[in-house]
Every structure is written in C-alpha cells, then in structure tokens.
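S.K.: A single structure is presented below for examination.
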Amino acid sequence: MQKISILSTSILLLTSSLFASSLSEKPTSSSLIVYNGGIGLVHEERKLNIKKGDKQIIYKGVASTIETDSVNVALPDSVTLYSQQYRFDKLTMNKLLDAHIGEVVKVAKESVTLLSHSGANALVRDASNEIISVLSKDIIFKNIPDSLLTKPSLVWNIDAKKSIDAKMDIDYLIKNLSWKSDYILNLRGDKANLTGWITIDNRSGKAYKNTKLHVLAGDINRAQRPKPRYKYERTMAMQSAPAVAHQAHEGYHFYTIPFKVNLSNNEKTQIKFITQNTIPIKRRYTASASNPLYLHGEKKHSVTQFIEIKKLDFVLPKGVVRTYSKLNKSNILLGETSISHTPKDTPIKLTLGKNFDLKVKETIKKRSDTKSYLSATVLYTLKNSSDEKKTLELLVPFNKNTTSTIETSKKYKFKHGNKLSFKVVLDAKKTETFQVSFRSKR
554 MQKISILSTS ILLLTSSLFA SSLSEKPTSS SLIVYNGGIG LVHEERKLNI
604 KKGDKQIIYK GVASTIETDS VNVALPDSVT LYSQQYRFDK LTMNKLLDAH
654 IGEVVKVAKE SVTLLSHSGA NALVRDASNE IISVLSKDII FKNIPDSLLT
704 KPSLVWNIDA KKSIDAKMDI DYLIKNLSWK SDYILNLRGD KANLTGWITI
754 DNRSGKAYKN TKLHVLAGDI NRAQRPKPRY KYERTMAMQS APAVAHQAHE
804 GYHFYTIPFK VNLSNNEKTQ IKFITQNTIP IKRRYTASAS NPLYLHGEKK
854 HSVTQFIEIK KLDFVLPKGV VRTYSKLNKS NILLGETSIS HTPKDTPIKL
904 TLGKNFDLKV KETIKKRSDT KSYLSATVLY TLKNSSDEKK TLELLVPFNK
954 NTTSTIETSK KYKFKHGNKL SFKVVLDAKK TETFQVSFRS KR
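Under this note's numbering, think of the first position of the sequence shown as 554, with each following residue one higher.
Given below as structure tokens:
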C-alpha cells in the first residue's frame with residue numbers, strides 16, 4: 554500500500570522540535586522546603602544542552618500547582634531570555650487533529666493525509682489523490698506530536714548566541730503541599746515518652762523523587778491572592794538513623810531531613826523527628842464554676858483532666874498531641890490536643906477530656922442583694938468516686954476590686970486577675986464541702 558509523504562509540518566511543531574534545546578529529564582540535584590501555610594519551595598539543578606540558534610527551553614512535568622510568577626531561573630550568560638510561558642495541553646481529539654494537519658494518519662488501515670476537520674468529520678487525501686470525508690473517530694494516530702505538551706510545562710523563549718553545555722538552576726513555589734507535626738505521648742506513671750512525626754501531605758500535582766527535604770516551622774506572611782483519596786506511607790527513621798537537624802533562623806525554625814525522600818503525588822508521608830523519653834509530667838484536674846453573683850438554685854459541673862509538662866529543652870512546631878496510657882498490655886487513647894508553635898522551656902498543658910469519677914456541685918445557700926450590691930453565699934461540693942487521692946482545682950469567676958469581699962475558711966488565690974482558685978485534696982471515695990460568701994458592687 555502506497556504511503557503518502559509529509560510535505561510540511563506546522564510552525565508550532567518546528568518551533569517546539571527543531572529549535573528547542575535539550576533539558577535533562579531528571580534533575581542532577583533537587584531540594585524541597587515545605588511550609589506550614591500549604592506551599593513548597595522547589596529547587597532543581599538540571600543539565601542543559603543548547604545549540605546556537607535555539608529558540609526555546611522546555612521543562613516538561615512541573616507541578617500543576619506551580620505559582621508561575623514565582624519562577625526564578627538562572628541561565629548561562631550567552632543565552633538571552635525573552636519570555637516565559639506555562640503550558641499544559643489536555644489531550645483531546647480536537648487537539649490531536651489540529652496537531653496532525655498535513656500529517657500522515659490511518660483510516661481503516663489505509664494511510665491518508667489529514668487536511669482539515671470540523672465537528673465529527675474530517676477531510677483527508679487518499680493514495681489516489683482524492684479528497685474524501687471520514688469520521689474523526691475512525692482516524693488512527695501513530696504518536697503524540699512534540700508540539701503537544703501533555704504534561705504541565707514551562708517554556709522559556711530564548712536566543713542562544715552559541716552552543717553550550719551548562720547547568721540550569723530553577724526555583725519555584727508550588728501550592729497544595731503542606732506539613733504538620735503529629736505527636737505521640739505515652740504515659741508511664743509520672744513520666745512520659747514523646748515521639749514527634751513530620752507529616753507531609755503532597756497534593757501539588759507532582760511526585761518528588763530522591764530529593765533533599767526541609768520543613769520550616771512558623772507562619773510566613775504572604776501577599777493576598779484571589780482564591781482560585783490518599784495513599785498512605787509512613788517512612789520511619791529508625792533510632793540508629795541520623796537525627797533530623799534543627800536550626801533557628803530569622804524567627805522561624807528550620808528542620809533538615811538527614812536522608813533523601815520520595816514524595817508521591819496524593820500521598821501522605823511521615824518522618825520521625827523527635828524522640829524524648831522519661832519526661833516528668835503532672836496530672837491536673839480542673840472544674841469551672843458559675844459566677845456566684847448570678848447563680849440561682851443548683852448547678853453541676855464536670856471536671857476536665859490535663860497532663861502538664863513543665864518545660865522541654867526543644868521547640869514543638871504546631872500540631873496534634875495524642876496521649877496514650879497502657880492498660881493490660883493495650884494502649885488506650887486518653888485524648889487529643891492541638892498545640893500552637895511552642896518555644897523551648899515553655900510549660901505545656903494537654904487536655905485529655907472529662908474525668909468520670911470527679912464531680913462538682915454548687916448550691917446557692919443565701920442571697921441578700923440590694924440596689925447597690927450583689928451578695929450570695931454558695932456551698933461547693935466536690936466528690937471523688939475513684940480509688941486514688943486527687944487534687945482538684947476549682948475556678949470561680951469573680952472580679953477583684955476594692956468594692957468586693959470574700960468570706961470563707963478555705964484557702965484561695967486569684968488567678969488571671971478575675972478567677973478564684975481553690976485547690977482541694979480529695980481522698981479516695983471522699984466528698985469535701987466548703988462555703989463561700991461573695992459581695993460586690995453592682
């Protein structure tokens with residue numbers, strides 16, 4: 554069967570194929586900095602082969618979430634950069650047909666030259682030089698032309714004054730790449746073991762292979778812009794592996810992963826970055842009462858239990874702390890707490906939940922309000938139904954000023970300026986009561 558030769562190709566194909574320099578498919582070196590705010594900074598070094606007269610450099614396969622206005626590229630001095638384009642040709646029948654105008658294609662095993670197309674039909678010239686109409690869907694293409702960039706790509710329009718083999722450096726920001734800290738706190742009596750994980754969530758539209766990884770803890774300022782299922786992998790750095798390096802820098806905290814990582818698209822990856830054992834802890838129990846000046850009748854209150862860590866000699870980036878305790882060789886989740894960025898040597902208070910065995914009740918015993926003053930006497934009942942002695946802190950809102958008075962036999966102190974703090978030791982299976990009289994100007 555005679556095959557009709559191609560007489561010409563499109564100008565776009567000539568530009569993309571004949572006058573484009575060669576850029577290595579894989580970077581010779583790459584690194585990635587991931588920020589808390591959902592962005593990442595990509596750095597790559599690639600080999601560049603430029604021929605004199607080249608008009609384009611095409612970088613195929615950038616992340617689809619690239620912020621094109623952030624691209625910072627370093628080219629050799631002999632190359633003049635005129636403009637930059639972001640291109641992504643979603644493959645469709647119309648685009649394939651457009652790219653094959655003047656090309657040899659096949660229809661029902663016969664080689665023909667595609668002349669034009671419109672809607673569901675196309676005009677072709679067969680081996681007898683006759684022009685016939687065929688259905689577009691019956692056309693068979695041999696390949697995808699180089700003029701169609703079916704992966705998100707950056708195209709630099711250049712003028713090369715001479716041939717050169719060089720290195721090209723490129724930096725750019727991507728979106729939908731984030732990291733957070735996840736912590737596991739295992740209680741062991743009055744001590745605890747803490748493990749911290751860096752969780753990377755990559756939805757940037759690109760995978761990163763064998764790359765150096767850094768994360769930056771802190772919230773950087775960004776200019777306001779218009780708003781435009783996962784696989785799961787846990788990469789564990791064993792205790793014998795090098796530790797994640799930490800540096801304070803310009804008011805932020807910078808972590809370097811000591812090994813190269815692979816981050817697939819639409820995947821979460823976890824890397825261990827903190828291991829600290831035998832941390833001293835305190836168990837705290839707190840209940841908040843009503844404002845006594847506005848209390849009527851009787852109210853019951855639950856007791857919240859906390860774990861308190863006095864200080865740590867390292868920083869904790871913001872994240873979620875999950876606290877566990879062992880019972881009969883099984884780990885029991887006690888609670889979860891979100892923490893903000895925490896500097897070292899800072900007390901940490903972790904909320905576990907409501908204690909089942911501790912209860913507080915407040916009962917109004919007497920009210921003697923006047924036009925000028927509010928006055929109330931309240932009976933507080935604190936009950937411990939557990940088998941262990943516990944210290945319960947009761948917080949009562951009451952403003953401290955020169956016109957207010959408090960009468961009680963129970964010791965107290967003001968906390969945060971406007972709360973009374975009563976710390977009551979409750980023996981196992983015991984109930985404690987005490988009475989307080991409050992008076993304050995209206």
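We put the CB at the ideal spot given by N, CA and C, even for glycine.
As the structure is a computational prediction, the values presented were derived from the model and not from experiment.
Select from Ala776, Asn729, Thr831 the residue whose C-alpha is nearest the C-alpha of Ala745.
M.R.: Minimum Cα distance to Ala745 is reached at Thr831.
S.K.: Around the Cβ of Val615, are there at least 16 other Cβ atoms within 10 angstroms (buried) or fewer (exposed)?
M.R.: Buried, because 16 or more other Cβ atoms sit within 10 Å of the Cβ of Val615.
S.K.: Count the other CB atoms within 10 Å of the CB of His802; is the residue buried (16 or more) or exposed (fewer)?
M.R.: His802 comes out exposed.
S.K.: Determine contact between the segment 759–769 and the segment 851–869, defined as no fewer than three beta-carbon pairs at a distance below 8 Å.
M.R.: No, the segment 759–769 does not touch the segment 851–869.
S.K.: How about the segment 890–909 and the segment 920–930: do they share at least three Cβ pairs that are nearer than 8 Å?
M.R.: In short, these stretches do not touch, since the Cβ pair count stays below three.
S.K.: Is Ala790 helix, strand or coil by DSSP?
M.R.: In this prediction, Ala790 scores a pLDDT of 39, lower than 50, which makes its location untrustworthy; no coordinate-derived value is stated.
S.K.: Tell me the rounded alpha-carbon separation between Thr986 and Asn739.
M.R.: Approximately 35 Å between the Cα atoms of the pair.
S.K.: Which class does Ser617 belong to by DSSP, given the choice of helix, strand or coil?
M.R.: In the structure shown, Ser617 sits in coil (DSSP, three-state: anything other than H, G, I, E or B).
S.K.: Could you tell me which of Gly606, Lys608, His596, Gly771 sits nearest to Ile619, measuring between CA atoms?
M.R.: Comparing Cα-Cα distances from Ile619 to each of Gly606, Lys608, His596, Gly771, the minimum goes to His596.
S.K.: Just list the alpha helix (DSSP H) runs in the segment 799–823, keeping only unbroken ones of 4 residues or longer that don't cross its boundaries, in chain order.
M.R.: List check, alpha helix (DSSP H) in window: nothing returned.
S.K.: Enumerate in chain order the residues of its own chain whose CB-to-CB distance from Asn674 is below 6 Å, with the five nearest sequence positions on each side excluded.
M.R.: Within the same chain, Asn674 has close Cβ partners Ser686.
S.K.: Output the distance between the C-alpha atoms of Lys976 and Thr839, rounded to the nearest integer angstrom.
M.R.: Those two C-alpha atoms are separated by around 9 Å.
S.K.: Just tell me which of Ala981, Ser962, Lys715 has its CA closest to the CA of Ile603.
M.R.: With distances taken between Cα atoms, Ile603 lies closest to Lys715.
S.K.: To the nearest whole angstrom, what separates the beta carbons of Ala981 and Asp922, a pair I think is in contact under 8 Å?
M.R.: No, Ala981 and Asp922 are not in contact; Cβ-Cβ is about 40 Å, not under 8 Å.
S.K.: Give the secondary structure of Asp691 by DSSP, where H, G and I count as helix, E and B as strand, and everything else as coil.
M.R.: Correct three-state label for Asp691: helix.
S.K.: Does the beta-carbon distance from Leu945 to Ala842 come in below 8 Å?
M.R.: Result no, Cβ atoms of Leu945 and Ala842 do not sit closer than 8 Å.
S.K.: Buried or exposed, going by whether 16 or more other CB atoms sit within 10 Å of the CB of Asp607?
M.R.: Result: buried.
S.K.: From the DSSP output, in three-state form, read off Asn746 for me.
M.R.: Of the three classes helix, strand and coil, the one that applies to Asn746 here is strand, per DSSP.
S.K.: Pull up the CB-CB distance for Thr748 and Thr857, whole angstroms please, since I reckon it's below 8 Å.
M.R.: Actually they do not touch by this definition, with Cβ atoms about 25 Å apart.
S.K.: How would you call Tyr847, buried or exposed, if buried means at least 16 neighbouring beta carbons within 10 angstroms?
M.R.: Its Cβ having fewer than 16 others within 10 Å, Tyr847 is exposed.
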